[in-house]
């Protein structure tokens with residue numbers, strides 16, 4: 767598995783994935799995940815506690831970008847990158863801790 771081999775070369779510790787063994791899950795994908803010894807975690811198809819739009823960064827980013835007009839995708843990308851660079855490390859640490867805490871509350 768070329769992709770799996772490259773993952774294992776860069777990350778020697780087993781990884782986690784979220785997946786449910788449903789009919790739409792490809793057998794080859796399930797086999798690869800199992801062969802790589804990833805820990806597969808069950809999850810609800812949608813959880814209000816973990817909605818991607820509720821990620822801690824998006825609210826402040828939306829507020830910072832509110833009302834601004836951009837002429838190109840590149841301008842948007844530059845503005846987001848500048849905003850990210852201005853955030854203190856604690857901002858990201860707090861967000862990661864909060865996400866982990868919320869995720870643990872589901873199980």
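Numbering (my numbering), first residue to last: 767 to 873.
Yeah, the Cβ is synthetic: ideal placement off N, Cα and C, and Gly gets one too.
Just so we're clear, the structure is a prediction, and the values are computed from it rather than from any experiment.
Straight-line gap, residue i to residue j (C-alpha atoms, nearest Å)
i           : j           : result
residue 787 : residue 800 : Unreliable placement is indicated for residue 787, whose pLDDT of 49 sits below 50; the coordinate value is still reported in the next sentence. One C-alpha to the other measures close to 12 Å.
residue 837 : residue 846 : 14 Å
residue 793 : residue 805 : 17 Å
residue 797 : residue 803 : 10 Å
residue 832 : residue 856 : 23 Å
residue 858 : residue 795 : 32 Å
residue 863 : residue 829 : 22 Å
residue 865 : residue 835 : 31 Å
residue 843 : residue 861 : 21 Å
residue 854 : residue 841 : 22 Å
residue 867 : residue 821 : 13 Å
residue 785 : residue 839 : Low local confidence applies: a pLDDT of 49 at residue 785 is under 50, so the model's placement there is unreliable, with the coordinate-based value given in what follows. When rounded, the distance between both Cα atoms is 33 Å.
Selected residue, minimal CA-CA separation from residue i, among the options
i           : options       : result
residue 826 : 802, 852, 797 : 852
residue 823 : 867, 795, 849 : 849
N- and C-terminal bounds of the alpha helix (DSSP H) containing residue i
i           : result
residue 835 : No alpha helix (DSSP H) contains residue 835, which DSSP labels as neither H nor E.
residue 853 : Neither: residue 853 is in no alpha helix (DSSP H) and is coded neither H nor E.
residue 797 : 793-801
Test: residue i CB closer than 8 Å to a CB of chain C
i           : result
residue 844 : Any reference to chain C falls outside this structure, which holds one protein chain only.
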